[in-house]
Amino acid sequence: MMQVNPGPIAAAGIATASSRAADAPMTGTPPPMLSPTTYGLAPAQGREVFLASDARRVSAVSRWRKRLSWPLGIYTTPVAILITWQVLAEAGLLSPTAAPAPTVIARTGWQLWQQGVLGPDLEISLVHRAALGLLLGLGAGIVTGVIGGLLRSGENLFNGIVQILNTIPILAILPVMIVWFGIDELPKVLIIAFGAFVPMYLNLFAAIRSVDQRLVEMARTTGAGRWRLVTRVMFPGALPGFLVGLRFSLAFSILGLVAAETLNANSGIGFLITNGQTYMQPDQVWLGLVIYAILGLLADQFVRLLQRVLLRWRPGYEAA
Amino acid sequence: MSAATVASARQRAGAVIDHVVRRFGPRVVLDHLSLTIAEEELVVLLGPSGCGKTTLLRLLTGLDRPDGGTVEVPVRRAIVFQGDRLLPWQRALPNVALGLSGPDARQRASAALAEVGLAGRERAWPKELSGGEAQRVALARALVSEPELVLLDEPFAALDAITRLRMHNLVRALRRQHHAAMLLVTHDVDEAITLADRIVVMSQGRIAASHPVPLSAAEREAGAAREDLRAALLADLGLANQL
Ligand SMILES: Nc1ncnc2c1ncn2[C@@H]1O[C@H](COP(=O)(O)OP(=O)(O)OP(=O)(O)O)[C@@H](O)[C@H]1O
Ligand SMILES: [Mg+2]
Numbered sequence: 001m002m003q004v005n006p007g008p009i010a011a012a013g014i015a016t017a018s019s020r021a022a023d024a025p026m027t028g029t030p031p032p033m034l035s036p037t038t039y040g041l042a043p044a045q046g047r048e049v050f051l052a053s054d055a056r057r058v059s060a061v062s063r064w065r066k067r068l069s070w071p072l073g074i075y076t077t078p079v080a081i082l083i084t085w086q087v088l089a090e091a092g093l094l095s096p097t098a099a100p101a102p103t104v105i106a107r108t109g110w111q112l113w114q115q116g117v118l119g120p121d122l123e124i125s126l127v128h129r130a131a132l133g134l135l136l137g138l139g140a141g142i143v144t145g146v147i148g149g150l151l152r153s154g155e156n157l158f159n160g161i162v163q164i165l166n167t168i169p170i171l172a173i174l175p176v177m178i179v180w181f182g183i184d185e186l187p188k189v190l191i192i193a194f195g196a197f198v199p200m201y202l203n204l205f206a207a208i209r210s211v212d213q214r215l216v217e218m219a220r221t222t223g224a225g226r227w228r229l230v231t232r233v234m235f236p237g238a239l240p241g242f243l244v245g246l247r248f249s250l251a252f253s254i255l256g257l258v259a260a261e262t263l264n265a266n267s268g269i270g271f272l273i274t275n276g277q278t279y280m281q282p283d284q285v286w287l288g289l290v291i292y293a294i295l296g297l298l299a300d301q302f303v304r305l306l307q308r309v310l311l312r313w314r315p316g317y318e319a320a
Numbered sequence: 001m002s003a004a005t006v007a008s009a010r011q012r013a014g015a016v017i018d019h020v021v022r023r024f025g026p027r028v029v030l031d032h033l034s035l036t037i038a039e040e041e042l043v044v045l046l047g048p049s050g051c052g053k054t055t056l057l058r059l060l061t062g063l064d065r066p067d068g069g070t071v072e073v074p075v076r077r078a079i080v081f082q083g084d085r086l087l088p089w090q091r092a093l094p095n096v097a098l099g100l101s102g103p104d105a106r107q108r109a110s111a112a113l114a115e116v117g118l119a120g121r122e123r124a125w126p127k128e129l130s131g132g133e134a135q136r137v138a139l140a141r142a143l144v145s146e147p148e149l150v151l152l153d154e155p156f157a158a159l160d161a162i163t164r165l166r167m168h169n170l171v172r173a174l175r176r177q178h179h180a181a182m183l184l185v186t187h188d189v190d191e192a193i194t195l196a197d198r199i200v201v202m203s204q205g206r207i208a209a210s211h212p213v214p215l216s217a218a219e220r221e222a223g224a225a226r227e228d229l230r231a232a233l234l235a236d237l238g239l240a241n242q243l
């Protein structure tokens, strides 16, 4: 859950034998094991040596290695793939209809933007559909999740139905939505809301129920009232689970957006894709896919940021 | 004794436990246990692991109800649990102030922290506190409400010997400040002798023995009286021939 960025730690840990040998004389009085004249610079078998981070010998090689390994954190791999893709496309190894070069896709995006096509489509997809659906789904998920988590009667009321909903794939309810609500905006918003609602309810419910009962007991003995118990103990205790739910909700609502827009749309990003498909414009299809991908990435980064800010108190958290 | 004098005696008592029964399934953990703690008395409860000490304390806090008998305690009471039980998502000060309300809540919590020697650590997260510091925050949280009865469940069990000595001094100092009755659970016979006005030993779900400790501070540290008491306690605990 916490962002794992092995960059600096891994790089700092790797100090080659040669670099140690070169730097050893400069570091005060090294223990005999590490003296430059000794061949075996590694500590004796079965022993480990830990050094203060600034006492670690930093050679030019390890400095460069540090800079070169994972320079972009988790984005290193995607960027590497993009670059490879671009090179292969320019070398003519990829057919432009199957996989147009990233720069071509970007240019298409820019052109569509300038023509005033992309902007309104983005607005419809993001604001009128995704944001509205998310607001509905998260709102419903949070309200029912809190009621279900705090009250036994709330659990009885909501749990069964959400468990049933949870087993229905989001794509499977799309036809029902169309039968019920036609092909307007409403079914699209509802699909997105559905995608956000189910994981938020389930995670929030589980999170509230699994708040450490010993802390709840403790709070009771201090004479804290019900309101304080909920706001100071239950909600903060459920926060990690809530954020997991939020992450799933965002991911599923994007899935719902894609599903709803692909099956029927006369505007929005999905329309951009079907349109590109109809008129044989692969750049436009790819542009739509890239926008969806960026949405997913942004959602994920948003939750990571929230985690970093809100979960500072956790023992696992490392101050940046 | 008339009903009125019984009532007034109870009014003054720190706690009255009368023929209390507590069962877990078929297992009777507390079997008609009776114990009265006087006002401002520090009673130390000794007993082997699993004999029901925590069970008794939970009845006194009101977290659990007895299956028989009566428990009578002041409304203003507090407990320090086995383990600090601090809210990890709150800094030290709001942890202490959890049960407080009113405009002076922060001030009082701050004063309580200072009392346990943690002035200036108000903004520390629980994960940044050492074991002894965290336990002292828990102690401050219990004392800040000015309770008439303080229950302590092996509060120093996880601490090293030096920190434990400091905590003993702290408890003595706090007793002078706060006029509360205390019931302290421990495994440690020496700790019991150091702190107690009275030591009670639990066995078979009852109070098997009760030893008043009318000793001065010096006599508690060394001397014949101390050794006699220690031997008696070890005998009560069934450890007599091992030491
Ligand atoms: N909620 C429970 N359900 C079933 N049995 C329990 C429960 N709580 C306690 N017991 C049992 O009651 C007995 C007394 O437990 P208790 O926690 O009071 O022991 P203790 O004297 O505090 O021991 P220790 O010194 O190890 O803390 C134990 O045998 C325990 O297994
Ligand atoms: Mg116990």
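Chains as they are written, first to last, in our numbering: chain A, 1 to 320; chain B, 1 to 243. Beta carbons: idealized from backbone N, C-alpha and C, even for Gly.
Would Gly288(A) and Ala251(A) qualify as a contact pair, given that the criterion is a beta-carbon distance under 8 Å?
One-based indexing of the first sequence puts residue 288(A) at position 288. One-based indexing of the first sequence puts residue 251(A) at position 251. It is not a contact, given that the beta carbons lie outside the stated cut-off.
Rounded to whole angstroms, what is the Cα-Cα separation between Val79(A) and Tyr201(A)?
Numbered from 1 along the first sequence, position 79 holds the residue referred to as residue 79(A). Numbered from 1 along the first sequence, position 201 holds the residue referred to as residue 201(A). Rounded to whole angstroms, Val79(A) to Tyr201(A) spans 35 Å at the Cα level.
Within 10 angstroms of the Cβ of Ile294(A), are there 16 or more other Cβ atoms? Answer buried if so, exposed if not.
Translated into the one-based positions of the first sequence, residue 294(A) becomes position 294. Flag for Ile294(A) reads exposed.
Give the secondary structure of Glu72(B) by DSSP, where H, G and I count as helix, E and B as strand, and everything else as coil.
Translated into the one-based positions of the second sequence, residue 72(B) becomes position 72. Three-state result, Glu72(B): strand.
Identity of the residue in Arg152(A), Leu157(A) and Ile170(A) nearest Ile208(A) by Cα:
Translated into positions along the first sequence, residue 208(A) becomes position 208. Cα-wise, what sits closest to Ile208(A) is Arg152(A).
Alpha carbon of Arg107(A) to alpha carbon of Trp85(A), nearest angstrom
For the purposes of this step, residue 107(A) is identified with residue 107 of the first sequence, where counting begins at 1. For the purposes of this step, residue 85(A) is identified with residue 85 of the first sequence, where counting begins at 1. Going from the Cα of Arg107(A) to the Cα of Trp85(A) covers about 16 Å.
Contact test: Thr308(B) Cβ vs ligand 1 heavy atom, cutoff 7 Å:
Shown here, chain B extends from 1 to 243; a query on residue 308(B) therefore has no answer.
Let's see if you can read the secondary structure: which residues bound the beta strand (DSSP E) around Ser203(B)?
In the second sequence, residue 203(B) corresponds to position 203, counting from 1. Taken as a continuous stretch (DSSP letters only), the beta strand (DSSP E) holding Ser203(B) covers Arg198 to Ser203.
Quick check: the Cα distance between Asp67(B) and Glu217(A), rounded to an integer number of angstroms?
As a working mapping, residue 67(B) is identified with position 67 in the second sequence. As a working mapping, residue 217(A) is identified with position 217 in the first sequence. The alpha-carbon atoms of Asp67(B) and Glu217(A) are separated by roughly 20 Å.
Proximal residues to Ile170(A) (C-beta, below 8 Å), its chain only, five neighbours per side dropped
Taking the first residue of the first sequence as 1, we reach residue 170(A) at position 170. Result list for Ile170(A): Ile191, Phe194, Gly195, Phe252, Leu255, Gly256 and Ala259, in chain order.
Does Asp18(B) come out as helix, strand or coil in the three-state DSSP assignment?
Taking the second sequence and counting its residues from 1, the one referred to as residue 18(B) is at position 18. DSSP places Asp18(B) in strand when its eight states are reduced to three.
Could you compute how far the alpha carbon of Ala31(B) sits from the alpha carbon of Lys53(B)?
Position 31 of the second sequence, counted from the start, is the residue given in the question as residue 31(B). Position 53 of the second sequence, counted from the start, is the residue given in the question as residue 53(B). According to the sequence shown, residue 31(B) is Asp rather than Ala. Straight-line Cα distance between these residues: approximately 12 Å.
Can you determine whether any heavy atom of ligand 1 sits closer than 7 Å to the C-beta of Gly50(B), and answer yes or no?
Against the second sequence, residue 50(B) aligns to sequence position 50. Result yes, Cβ under 7 Å from ligand 1.
Please report the Cβ distance between Leu46(B) and Val189(B), rounded to the nearest whole angstrom; I am assuming they are in contact, meaning their Cβ atoms lie under 8 Å.
Here residue 46(B) corresponds to residue number 46 of the second sequence, with the count starting at 1. Here residue 189(B) corresponds to residue number 189 of the second sequence, with the count starting at 1. At roughly 7 Å, the Cβ-Cβ gap stays under 8 Å, so Leu46(B) and Val189(B) are in contact.
Once DSSP output is grouped into helix, strand and coil, what is the label at Leu34(A)?
Your numbering for residue 34(A) matches position 34 in the first sequence. At Leu34(A) the pLDDT is 45, less than 50, meaning the model places this residue with poor confidence and gives no usable figure here.
Under 7 Å from any heavy atom of ligand 1, does the C-beta of Gly47(B) make it?
Walking along the second sequence from the start, residue 47(B) turns up at place 47. Gly47(B): yes, Cβ under 7 Å from ligand 1.
State yes or no: is the beta carbon of Gln135(B) nearer than 8 Å to at least one beta carbon in chain A?
Walking along the second sequence from the start, residue 135(B) turns up at place 135. No, Gln135(B) lies away from the interface with chain A (no Cβ there is under 8 Å from its Cβ).
Between which two residues does the beta strand (DSSP E) holding Met182(B) run?
As a first step, residue 182(B) must be located in the second sequence, where it is residue number 182. Looking at the DSSP string, the run of the beta strand (DSSP E) that includes Met182(B) is Ala181 to Thr186.
How long is the line joining the alpha carbons of Ile147(A) and Phe158(A), rounded to whole angstroms?
As a first step, residue 147(A) is located in the first sequence; it is residue number 147 there, counting from the start. As a first step, residue 158(A) is located in the first sequence; it is residue number 158 there, counting from the start. Those two C-alpha atoms are separated by around 9 Å.
Bridge partners for His211(B) per DSSP, in chain order?
Your numbering for residue 211(B) matches position 211 in the second sequence. Paired residue(s): Ile199(B).
Cut-off 6 Å between Cβ atoms - residues of its own chain near Phe205(A), not counting five sequence neighbours on either side
Numbered from its first residue, the first sequence carries residue 205(A) at position 205. Answer for Phe205(A): Gly145, Gly148 and Gly149, listed in chain order.
Between Phe81(B) and ligand 1, is the CB less than 7 Å from at least one heavy atom?
Working through the second sequence from its first residue, we reach residue 81(B) at position 81. Checking the Cβ of Phe81(B) against ligand 1 gives no.
Just checking: is the beta-carbon of Glu90(A) within a distance shorter than 8 Å of some beta-carbon in chain B?
Counted from its first residue, the first sequence places residue 90(A) at position 90. Closer than 8 Å: no.
Chain B partners of Thr231(A), CB-CB under 9 Å?
For the purposes of this step, residue 231(A) is identified with residue 231 of the first sequence, where counting begins at 1. The premise fails here: Thr231(A) is roughly 11 Å from chain B at the closest Cβ pair, so nothing lies under 9 Å.
Residue environment, His244(B), which counts as buried when at least 16 other CB atoms sit within 10 Å
Only positions 1 to 243 of chain B appear in the structure, and residue 244(B) is not among them; the question remains open.
At the 8 Å Cβ level, is Met218(A) part of the contact set with chain B, yes or no?
In the first sequence, the residue the question calls residue 218(A) occupies position 218. So, interface residue.
Looking at the C-beta of Ala207(A), does it have a partner C-beta in chain B at a distance below 8 Å?
Numbered from 1 along the first sequence, position 207 holds the residue referred to as residue 207(A). So no, Ala207(A) is outside the interface.
Which residues in the same chain as Leu87(B) place their Cβ atom closer than 6 Å to its Cβ, once the five residues preceding and following it in sequence are excluded?
Stepping through the second sequence from its first residue, residue 87(B) is reached at position 87. Cβ neighbours of Leu87(B) beyond the five flanking positions: Asn95.
List, in chain order, every chain A residue whose beta-carbon is nearer than 9 Å to that of Ala78(B).
Within the second sequence, numbered from 1, the residue matching residue 78(B) stands at position 78. What Ala78(B) touches in chain A: Thr221, Thr222 and Gly223.
Would you kindly check if the distance between the Cβ of His211(B) and the Cβ of Leu183(B) is under 8 Å?
As a first step, residue 183(B) must be located in the second sequence, where it is residue number 183. As a first step, residue 211(B) must be located in the second sequence, where it is residue number 211. Not closer than 8 Å, so no.
Tell me Leu239(A)'s beta-bridge partners as DSSP assigns them.
As a working note, residue 239(A) is residue 239 in the first sequence. In the DSSP output, where bridge partners are listed per residue, Leu239(A) has none listed.
Step through the CB atoms of chain B and report whether any lies within less than 8 Å of the CB of Pro100(A).
Here residue 100(A) refers to the residue found at position 100 of the first sequence. By this cut-off, Pro100(A) is not an interface position.
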